[in-house]
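Shown next, in structure tokens, is the structure this report addresses.
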Amino acid sequence: MPKMEILQIPVLSDNYVYLVHGNASGQTGVVDPAVAGPVLAALKDKGWTLTHVLNTHHHGDHTGGNMELKAATGCTIVGPRADAARIPGIDVQVGDGDVFNLGGQKATIFDVPGHTRGHVAYWFQDAEALFCGDTLFALGCGRLFEGSPAQMWNSLQKFLALPDATRVYCAHEYTQQNARFALTVEPDNRNLVARAAQIDALRRKGVPTVPSTIGEERATNPFLRPDSEDLQQILGLSGAQVVEVLAETRRRKDIF
Ligand code: ZN
Ligand code: FE
Numbered sequence: 023m024p025k026m027e028i029l030q031i032p033v034l035s036d037n038y039v040y041l042v043h044g045n046a047s048g049q050t051g052v053v054d055p056a057v058a059g060p061v062l063a064a065l066k067d068k069g070w071t072l073t074h075v076l077n078t079h080h081h082g083d084h085t086g087g088n089m090e091l092k093a094a095t096g097c098t099i100v101g102p103r104a105d106a107a108r109i110p111g112i113d114v115q116v117g118d119g120d121v122f123n124l125g126g127q128k129a130t131i132f133d134v135p136g137h138t139r140g141h142v143a144y145w146f147q148d149a150e151a152l153f154c155g156d157t158l159f160a161l162g163c164g165r166l167f168e169g170s171p172a173q174m175w176n177s178l179q180k181f182l183a184l185p186d187a188t189r190v191y192c193a194h195e196y197t198q199q200n201a202r203f204a205l206t207v208e209p210d211n212r213n214l215v216a217r218a219a220q221i222d223a224l225r226r227k228g229v230p231t232v233p234s235t236i237g238e239e240r241a242t243n244p245f246l247r248p249d250s251e252d253l254q255q256i257l258g259l260s261g262a263q264v265v266e267v268l269a270e271t272r273r274r275k276d277i278f
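If you count the sequence shown from 1, you need to add 22 to reach the working numbering.
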């Protein structure tokens with residue numbers, strides 16, 4: 023049996039909530055509980071006891087279940103120090119470089135602002151799992167509601183430094199729409215064309231396209247590829263600074 027089990031729970035229209043369970047310790051965390059009901063049902067189904075909420079950022083579709091879960095289970099709520107005031111019920115504040123121990127499963131914390139001012143990601147190195155909230159999506163990145171392109175690029179570079187095999191557990195099923203956009207800015211990327219076809223096939227069957235891997239994202243996600251000459255050329259930004267390229271890619275996606 024693997025040391026850490028991850029259960030993906032689809033909620034609302036396109037959110038993913040994740041249970042992370044350490045088999046040795048019996049501790050269980052829930053990442054970004056948008057709502058409490060489906061989380062409590064999944065816990066009951068698995069026979070697991072919730073010990074922690076791990077929030078990536080303050081948005082309601084990531085923290086909406088916090089208080090009900092805390093009332094029901096007495097769990098500890100962990101969230102970004104940089105945004106502690108906006109995380110309902112926060113008990114433990116974490117920030118860049120901290121290591122959070124979920125019953126022996128260690129998660130390294132990254133500060134990844136851009137989508138919001140205080141956004142963190144949880145990287146479980148041994149389990150090769152990254153919980154990145156709304157910073158990185160399969161073939162996309164989060165909208166820049168509270169941050170700049172430079173901040174977002176700095177954040178995304180932290181993910182680019184991770185091993186290719188790292189699974190990317192993002193918080194929304196946006197992949198098919200992201201693929202359509204990605205193909206407009208890198209139409210000749212053969213890896214992207216092949217991946218888009220796979221995604222269409224999965225969605226036709228109603229199967230999640232998440233998690234992907236850092237390796238797949240590195241090869242096909244335009245927001246991780248501002249140094250691509252083809253991408254730069256299509257944007258009319260050949261030789262431009264990568265932050266400028268990322269900003270233009272994000273701007274075009276916003277109006278796609
Ligand atoms: Zn969000
Ligand atoms: Fe969200």
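Glycine included, every Cβ here is placed at the ideal spot set by N, Cα and C.
What is the DSSP secondary structure of residue i, reduced to helix, strand or coil?
{"i": "residue 56", "result": "coil"}
{"i": "residue 138", "result": "coil"}
{"i": "residue 240", "result": "helix"}
{"i": "residue 176", "result": "helix"}
{"i": "residue 74", "result": "strand"}
{"i": "residue 82", "result": "helix"}
Should residue i be listed as close to the ligand ZN, given that the test is whether its C-beta is under 7 Å from any heavy atom?
{"i": "residue 86", "result": "no"}
{"i": "residue 74", "result": "no"}
{"i": "residue 258", "result": "no"}
{"i": "residue 137", "result": "yes"}
{"i": "residue 101", "result": "no"}
{"i": "residue 169", "result": "no"}
{"i": "residue 140", "result": "no"}
{"i": "residue 162", "result": "no"}
Consider the C-beta atom of residue i and the heavy atoms of the ligand FE; say whether any pair is separated by less than 7 Å.
{"i": "residue 194", "result": "yes"}
{"i": "residue 81", "result": "yes"}
{"i": "residue 156", "result": "yes"}
Is the beta carbon of residue j closer than 8 Å to that of residue i?
{"i": "residue 169", "j": "residue 156", "result": "no"}
{"i": "residue 188", "j": "residue 236", "result": "yes"}
{"i": "residue 50", "j": "residue 65", "result": "yes"}
{"i": "residue 214", "j": "residue 242", "result": "yes"}
{"i": "residue 122", "j": "residue 158", "result": "no"}
{"i": "residue 230", "j": "residue 204", "result": "no"}
{"i": "residue 80", "j": "residue 109", "result": "yes"}
{"i": "residue 72", "j": "residue 97", "result": "yes"}
{"i": "residue 38", "j": "residue 28", "result": "no"}
{"i": "residue 265", "j": "residue 172", "result": "yes"}
Given that a residue counts as buried once 16 or more other Cβ atoms are within 10 Å of its Cβ, and exposed if not, what is residue i?
{"i": "residue 193", "result": "buried"}
{"i": "residue 212", "result": "exposed"}
{"i": "residue 226", "result": "exposed"}
{"i": "residue 278", "result": "exposed"}
{"i": "residue 219", "result": "exposed"}
{"i": "residue 254", "result": "buried"}
{"i": "residue 276", "result": "exposed"}
{"i": "residue 34", "result": "exposed"}
Comparing C-alpha positions only, which one of the options sits nearest to residue i?
{"i": "residue 198", "options": "151, 93, 232", "result": "232"}
{"i": "residue 103", "options": "96, 97, 112, 255", "result": "112"}
{"i": "residue 274", "options": "257, 263, 131, 30", "result": "257"}
{"i": "residue 52", "options": "124, 234, 159", "result": "124"}
{"i": "residue 75", "options": "47, 43, 162", "result": "43"}
{"i": "residue 240", "options": "262, 221, 178, 88", "result": "178"}
{"i": "residue 36", "options": "56, 89, 261", "result": "56"}
{"i": "residue 185", "options": "152, 171, 207, 195", "result": "152"}
{"i": "residue 209", "options": "251, 78, 223", "result": "251"}
Check whether chain C comes within 8 Å of residue i, counting only Cβ atoms and requiring the distance to be less than that.
{"i": "residue 210", "result": "Of the protein chains in the structure, only one exists, and it is not chain C."}
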